[in-house]
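For reference, the structure is listed below as structure tokens.
Number of protein chains: 2
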Amino acid sequence: MKAKTALARKTPSGGLPKRKPASRNGRGGVRRGDTTRLSILDAAERCFGEAGFDGVSLRTITEVAGVDLALANYHFGTKDNLLREVIARRARIVHDERIRALEEARRAAGARSPSVEAIVTAFLEPLLRRLINGEQGWQPYANLVSQLDISPKFTGLTGDVLDPTALHFINALRLALPKVPPRAIYWGYMFLLGSMVQVMSATGRIERLSHGLCKSEDIQSALRELVPFVSGGLKALGAAPR
Amino acid sequence: MKAKTALARKTPSGGLPKRKPASRNGRGGVRRGDTTRLSILDAAERCFGEAGFDGVSLRTITEVAGVDLALANYHFGTKDNLLREVIARRARIVHDERIRALEEARRAAGARSPSVEAIVTAFLEPLLRRLINGEQGWQPYANLVSQLDISPKFTGLTGDVLDPTALHFINALRLALPKVPPRAIYWGYMFLLGSMVQVMSATGRIERLSHGLCKSEDIQSALRELVPFVSGGLKALGAAPR
DNA sequence: ATTATATTTCATTGAATGTTGAAATTCGTA
DNA sequence: TACGAATTTCAACATTCAATGAAATATAAT
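Protein chains in written order, with our numbering: chain A, 1268 to 1509; chain B, 1268 to 1509.
Here it is, written out as structure tokens:
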């Protein structure tokens, strides 16, 4: 384990971008390097999702992106940091929309607490809806976060971005289920995550098990089962024998 | 992608072991190479579980095992095959005990179907009980299978070993829940897997979320919540709006 | 003791890894 | 047009990777 001292000296991510406005350049204010930055992010997202962080090389990623290998270091510094930025890009979007959906559910419920179903839906829909609609890049992202969720090696990384969302929903569930002890709610949230992950990671397993009756890509149907399952499960919590 | 033609020529796993009985050797019929085989398996199990298949090298594994690097190839041929044998070793044990527990539940239920709780317990206990008891090597194994369960890259590998178990339990659940359409049962089984995985993979996440109220290693408490959650969730299936 | 086999050691293969330096190019601006 | 900064290219760095060949050693059977 060498002590990594110097980050790349000449990178915008090194001592912070500090890039000038760069407007009016005939490309709508889009800088030259921005398109390569994006294509690297997209390629990394796809490759990481398919093969895992350690299963793919920067060479493969930049090759898929169609750019020079050294540009990965120039724009992102290290492979670790590239992963971080891949995650953060979409995690922010999902987080914001989940919070918004939760507040919307609260508003709709008036003075009382939203139903468990409403809370669970507010959590699941923002991400799964994008998979259903086939929005560009979200399936690879879903694959990736599923893997990171499990691996002890990367939980520290995902935690910073994903934990704030969690606490909002745990709180909401606690209010909706006053009879269920907090300890059980935390575990229930983990089970919610785990069930969702099985829907997000397109492993093709359910096709084999069901002989084609169910399909991994049919997130719409999966979501129709997932919401009742998780809601029913959460309501059944706390019934354990002391 | 080079076509790898020749497996190592001089390995027992090459053209099948075909090793003589080797009894009466002063070590209770344990061959010389068996102890190194075991130490490599144990080390691989631990390393794979911590860092993932691609996250660890054969060098590290053999170093942890305290044996020469070349012995990994001699005993297991390739890294892929080493992973396969790591999984298969314990998967067989879990499978057998799950089937036995399921039959026991059937016997106890008499003419009727066992309860959903009994079926779910028969599935979860054989593996989780070993984690609760802290039996040697089972936590790393649980970590590992959790990761393989998610990654599209390895589902083909796990499928051969794990799918037969699945079909037994899916069948039992179908009988116990005649009102729930088969399509929903398959998804329910996936959700069961996903919830279980969250308990098995010791990521330390629940500690952070609950500020130490819940503990990853307290599988006993987790299981107490997991069984009602999954059972309640399964019973709530099929209530989806058409 | 003398084989034959099973196992271990040691040295090395060629390829692939993340990262970097320095020169070349492109671009916005003056 | 000329200058400076941002970006891209090219070539290499030192490691590490999985896998293997061949010699050495240990074990079991004869």
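Even for Gly, the Cβ is constructed at its ideal location relative to N, Cα and C.
Buried or exposed, going by whether 16 or more other CB atoms sit within 10 Å of the CB of residue i?
i, result
"N1410(A)", "buried"
"Q1406(B)", "buried"
"G1316(A)", "buried"
"G1461(B)", "buried"
"V1297(B)", "exposed"
"H1342(B)", "buried"
"P1445(B)", "exposed"
"E1312(A)", "buried"
"G1295(B)", "exposed"
"G1505(A)", "buried"
"R1299(B)", "exposed"
"N1340(B)", "buried"
Listing by chain order, which chain B residues have their CB less than 7 Å from the CB of residue i?
i, result
"C1481(A)", "R1450, Y1453 and W1454"
"A1506(A)", "P1495"
Just to confirm before moving on: does the CB-CB distance between residue i and residue j stay below 8 Å?
i, j, result
"V1331(B)", "S1498(B)", "no"
"T1425(B)", "L1434(B)", "no"
"L1394(B)", "V1361(B)", "yes"
"S1380(A)", "V1334(A)", "no"
"I1417(B)", "I1354(A)", "no"
"A1372(A)", "A1389(A)", "yes"
"T1422(B)", "T1470(A)", "yes"
"L1476(B)", "I1437(A)", "yes"
"F1320(B)", "L1369(B)", "no"
"N1314(A)", "R1450(B)", "The displayed chain sequence assigns Cys, not Asn, to residue 1314(A). Contact: no."
"M1467(B)", "S1413(B)", "yes"
Output the distance between the C-alpha atoms of residue i and residue j, rounded to the nearest integer angstrom.
i, j, result
"E1352(A)", "V1464(B)", "26 Å"
"G1500(A)", "R1326(B)", "45 Å"
"A1439(B)", "P1495(A)", "21 Å"
"L1391(A)", "G1322(B)", "30 Å"
"A1376(A)", "R1397(A)", "25 Å"
"A1503(A)", "A1318(A)", "37 Å"
"R1472(A)", "S1488(A)", "16 Å"
"L1442(B)", "G1455(B)", "14 Å"
"P1431(B)", "R1374(A)", "47 Å"
"R1356(B)", "L1336(B)", "22 Å"
"L1490(A)", "L1493(B)", "20 Å"
"I1328(B)", "E1364(B)", "29 Å"
"V1383(B)", "Q1403(B)", "30 Å"
"Y1453(A)", "R1359(B)", "32 Å"
"S1483(B)", "E1474(B)", "7 Å"
"D1309(B)", "H1478(A)", "35 Å"
"S1324(A)", "I1486(A)", "30 Å"
"K1271(B)", "G1344(B)", "For K1271(B), the predicted structure reports a pLDDT of 32, less than 50, and the residue's modelled location is therefore unreliable. The matter cannot be settled from this model."
"L1283(B)", "L1459(A)", "With a pLDDT of only 36 at L1283(B), under the threshold of 50, the placement of this residue in the model should not be trusted; the figure read from the coordinates follows. Straight-line Cα distance between these residues: approximately 45 Å."
"G1420(A)", "Y1408(A)", "The identity of residue 1420(A) in the sequence shown is Lys, whereas the question assumes Gly. For K1420(A) and Y1408(A), the distance between alpha carbons rounds to 18 Å."
"V1447(A)", "V1428(B)", "37 Å"
"K1346(A)", "L1338(A)", "12 Å"
"A1385(A)", "R1304(B)", "53 Å"
"I1399(A)", "N1348(A)", "29 Å"
"A1401(B)", "G1401(A)", "Looking at the sequence shown, residue 1401(B) is not Ala but Gly. Cα to Cα, the separation comes out at about 44 Å."
If the cut is a Cβ gap below 7 Å, which residues of chain A does residue i touch?
i, result
"A1433(B)", "L1476"
"A1502(B)", "Note that residue 1502(B) corresponds to Lys in the displayed sequence, not to Ala. Neighbours of K1502(B) on chain A, chain order: G1499."
"Q1465(B)", "M1457, F1458, L1460 and G1461"
Identify the contact partners of residue i in chain A, using a Cβ-Cβ distance below 8 Å as the criterion.
i, result
"I1473(B)", "Y1453, W1454 and M1457"
Chain B partners of residue i, CB-CB under 8 Å?
i, result
"S1468(A)", "I1417, S1418 and P1419"
"I1437(A)", "L1476"
> Listed in chain order, which residues of the region 1303-1326 of chain B have Cβ atoms closer than 7 Å to some Cβ of chain A?
Replying inline: E1317, A1318, G1319, D1321 and G1322
> For the region 1407-1431 of chain B, which residues have a CB atom closer than 8 Å to at least one CB atom of chain A, in sequence order?
Replying inline: N1410, S1413, Q1414, D1416, I1417, S1418, P1419, K1420, T1422, G1426 and D1430
>> Counting only Cβ-Cβ distances shorter than 7 Å, please list the residues of the region 1339-1369 of chain A near chain B, keeping chain order.
In response: none
>> Under 8 Å, CB to CB, which of the residues in the region 1481-1496 of chain A have a partner in chain B?
In response: C1481, S1488, A1489, R1491, E1492, L1493, V1494, P1495 and F1496
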